[in-house]
Amino acid sequence: MSGTLRGGIGEFRDLLHPGILADASASTGLPGGTSFLNCVGAAVPTPDWSLFATDPGSIPTQCVDGSGVLSDRAPAVTLIDPSYDVPRSWRASLDWNTSMRGWLLRVGTLGSYDLSQPGVVDANFSGVSKLTLVGEANRPVFVSEQSIDPASGAVSAVESRRSDQYGRVGSRVSDLRGYGGQLNVALSPDVFKFRGGASFYGSISYTLQATKRQYRGFDGAAFGDPRLLEWAAGPNDAHHIFVVSSAFSTGKIGTVTLFARAQSGLPFTPLVQGDVNGDGLSGDRAFIPNPATETDANLAGELRTLLATGSPTARGCLLANLGRVAPRNGCRGPWTESLNIQWSPPTPKRWGYRVTPNVYLQNVLAGVDQLLHGNALRGWGSPAAADPVLLIPSGFDAANGRFNYDVNPRFADTRPARTLLRNPFRIVIDFSFNLSTDFDLQQLRRAVEPVKGSVGWQRRSADSLAAFYLSNSSSIYKMLIEQSDSLFLSKAQVASLESADSAFSARVRELYVPLGQFLAVGQGGAGKAELDSVQATQKKYWKVFWEQPEIASAIVTPSQRELMPMFKGMLGVPMKEREHSQWQFGHPVTFADKPKPN
4 MSGTLRGGIG
14 EFRDLLHPGI
24 LADASASTGL
34 PGGTSFLNCV
44 GAAVPTPDWS
54 LFATDPGSIP
64 TQCVDGSGVL
74 SDRAPAVTLI
84 DPSYDVPRSW
94 RASLDWNTSM
104 RGWLLRVGTL
114 GSYDLSQPGV
124 VDANFSGVSK
134 LTLVGEANRP
144 VFVSEQSIDP
154 ASGAVSAVES
164 RRSDQYGRVG
174 SRVSDLRGYG
184 GQLNVALSPD
194 VFKFRGGASF
204 YGSISYTLQA
214 TKRQYRGFDG
224 AAFGDPRLLE
234 WAAGPNDAHH
244 IFVVSSAFST
254 GKIGTVTLFA
264 RAQSGLPFTP
274 LVQGDVNGDG
284 LSGDRAFIPN
294 PATETDANLA
304 GELRTLLATG
314 SPTARGCLLA
324 NLGRVAPRNG
334 CRGPWTESLN
344 IQWSPPTPKR
354 WGYRVTPNVY
364 LQNVLAGVDQ
374 LLHGNALRGW
384 GSPAAADPVL
394 LIPSGFDAAN
404 GRFNYDVNPR
414 FADTRPARTL
424 LRNPFRIVID
434 FSFNLSTDFD
444 LQQLRRAVEP
454 VKGSVGWQRR
464 SADSLAAFYL
474 SNSSSIYKML
484 IEQSDSLFLS
494 KAQVASLESA
504 DSAFSARVRE
514 LYVPLGQFLA
524 VGQGGAGKAE
534 LDSVQATQKK
544 YWKVFWEQPE
554 IASAIVTPSQ
564 RELMPMFKGM
574 LGVPMKEREH
584 SQWQFGHPVT
594 FADKPKPN
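Residue numbers for the sequence shown follow the working numbering, beginning at 4 and rising by one.
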């Protein structure tokens, strides 16, 4: 079984996004810049919303205790590390294309090594642990008990800073790395061999992929020292992806296209709502207690309830991590799927192709779900973004050195009855109207109007008019010859394509040279006679043009056709539709053949 093997390797660089510079220019920490007031627990002023609305000057500008550790009014700063660089990656790909018994098979691989990936380091973070939560796998806390509100469990990060004159000093760095790999297998029928009275195309593909990258605790989901690096799955690391696409077209019903996609769940990290380690960032990684050994009866009961009534995703995540710290991106959401259908009905010829109707059926699976299950929806076709918050601090027990937690009953729950995320089934009817002047008439006016030359304004000659219209032609043979290296064409194939191109070019010139002569002897107008002559010639040209695909297809191999998606698409156009299908892709027929180099 023969085929075509292609590969490549190269470095790809991103652009420097303006938002990075904008953040740094806005958050300087200088007088007059943006500052935030953060009060915790007993330091929170009692709000009087009615008074605030009528008298903005009454809005508090300091906490109740003035300047204690529960009060924070230091300005935040954003810096750009001197060694910061834009993200870049080295990528290598290897593809194999072949045909077997009327089917086209493509196997592609892709590997990526990512460098200079962005991250953030808090330059004002001291990193000195002042408290240890023994019951949470010895989680370090970088503030003392005085910075934790016992009633709510809220934490002030003032004590974790090197200087209390500033808040978080976020230094943007680019020292993180990542890597990933992908395998894609696609199967589709050979359109040329399966073509009949109706046009049909279909393909199915499967992708297996995995990505990993480095993180710091300052990037979120911290546990332990947030300055340390760790490897974990990427945020978009869907291991399995299936894609099915198909299209069916006849003169009576028009064209129907279908696109379906299913992918495995995305990774997520069980989190604690808020900041419990005192580094100033919310969303710390959760320690998942084992209800069998948990001493807090309320917490143990809520965990048992979640295990019994929670979603399969939540149950699987908890059971895999009971009694330990949840790994970063160590849990996976559910599979998601989508199905969209489009119908382009045929239009009457009397409309002159000025009206193009389309009917879109968006998220068909949601409609089927509603039809079959009514109010007891299964969530087909809906987004499945799992809520990562597992624990919510409800207080701090200073005597036992532990936080009190409540369990989020909607943890990792994507069931429609428990979420507000919806992607409803929609039917969209779209009409496109072409109200412009006929293209052939616009082109004719350009052709016959005077052009400025060395001796002033003059009308085009017969040869110039013929060359003008020839410039809008396209030769499939020229296109394939230009890609001879990429297609691995043999000398015999190139010679056959050159011979076919010579014959095609001669026939096209026989059409446009007389047209140029006819337009040149006129009075320079773009009247009905001239337009009729142009349109009659164009109609003959398209008949000659559409003889190319079959001739060229007989010269190249199925694997080579697969490497030219546009050529493959032309072969899929039914004979009946070719009368009104026009393809232009450069590679025009010239007024005279260029002499071959010696």
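Virtual Cβ for every residue (Gly too), placed ideally from N, Cα, C.
Computed from a predicted structure; not experimentally measured.
query, result
"Complete beta strand (DSSP E) runs within the region 398 to 444 (minimum length 3 residues, chain order)", "405 to 410 and 429 to 436"
"DSSP-derived helix/strand/coil call for Trp-52", "helix"
"Per DSSP, the bridge partner or partners of Asn-361", "Asp-433"
"8 Å contact criterion, which Leu-492 and Leu-566 should meet: CB distance rounded", "No, Leu-492 and Leu-566 are not in contact; Cβ-Cβ is about 11 Å, not under 8 Å."
"Pro-238 burial status per 10 Å Cβ neighbour count (16 or more: buried)", "exposed"
"Residues near Val-516 by beta carbon distance below 6 Å, same chain, minus five either side", "Ala-469"
"Beta-carbon proximity of Ser-487 to Pro-591, cut-off 9 Å", "no"
"Per-residue burial, Leu-393 [other beta carbons within 10 Å of its own, 16 or more giving buried]", "buried"
"Rounded separation between Lys-455 and Gly-572 - CA only", "41 Å"
"Straight-line Cα distance separating Ser-499 from Ile-558", "7 Å"
"Cβ-heavy atom distance, Val-188 to the ligand MN, below 8 Å", "The ligand MN is not part of the structure shown, which contains no ligands of any sort."
"Rounded C-alpha distance that separates Tyr-204 from Leu-444", "35 Å"
"Identity of the residues DSSP links to Phe-594 by a beta bridge", "Bridge partners of Phe-594: none, in fact."
"Stretch-stretch touch, CB-based, cutoff 8 Å, three pairs: the region 356 to 372 with the region 120 to 136", "no"
"Other residues of its chain near Phe-15: CB distance less than 7 Å, five sequence neighbours each side excluded", "Arg-91, Ser-92 and Arg-94"
"Neighbour-count burial assignment, Val-451, 16 or more Cβ in a 10 Å radius", "buried"
"Straight-line Cα distance separating Leu-322 from Glu-233", "23 Å"
"Validate contact between the region 150 to 158 and the region 33 to 44 using beta carbons, cut 8 Å, 3 pairs", "yes"
"Sequence-distant residues of the same chain with beta carbon closer than 7 Å to Asn-426, five excluded per side", "Asn-366, Ala-369, Gly-384, Ser-385 and Pro-386"
"3-residue-minimum beta strand (DSSP E) runs that sit fully inside the region 453 to 498, ordered along the chain", "454 to 456 and 459 to 461"
"Integer-rounded CB distance, given that Arg-327 should sit under 8 Å from Ala-140", "7 Å"
"For Thr-210 and Leu-108, the rounded distance between their alpha carbons", "14 Å"
"Val-172 and Leu-82 closer than 9 Å at C-beta", "yes"
"Residue range of the alpha helix (DSSP H) that includes Ile-554", "551 to 558"
"Leu-424 and Ala-401 closer than 9 Å at C-beta", "no"
"Exposure label - Phe-128; buried when at least 16 CB within 10 Å", "buried"
"Through-space distance from Glu-340 to Gln-373, alpha-carbon basis", "15 Å"
"Residues near Arg-353 in its chain [Cβ-Cβ closer than 8 Å; skip 5 each side]", "none"
"Inter-residue Cα distance where the pair is Thr-350 and His-243", "40 Å"
"C-alpha distance - Ser-562 paired with Ile-23, whole-angstrom precision", "46 Å"
"Best match in Ser-476, Thr-298, Ser-5 and Tyr-116 for proximity to Phe-588 [C-alpha to C-alpha]", "Ser-476"
"Neighbourhood of Pro-229 by C-beta, 8 Å cutoff - its chain only, sequence neighbours within 5 removed", "Asp-125, Phe-128, Arg-219, Gly-220, Phe-221, Asn-280, Asp-282 and Leu-284"
"Boundaries (first-last residue) of the alpha helix (DSSP H) holding Ser-562", "561 to 565"
"Local conformation of Asp-125 per DSSP, three classes", "strand"
"Per-residue burial, Glu-513 [other beta carbons within 10 Å of its own, 16 or more giving buried]", "exposed"
"CB of Thr-101 within 9 Å of CB of Gly-254, strictly", "no"
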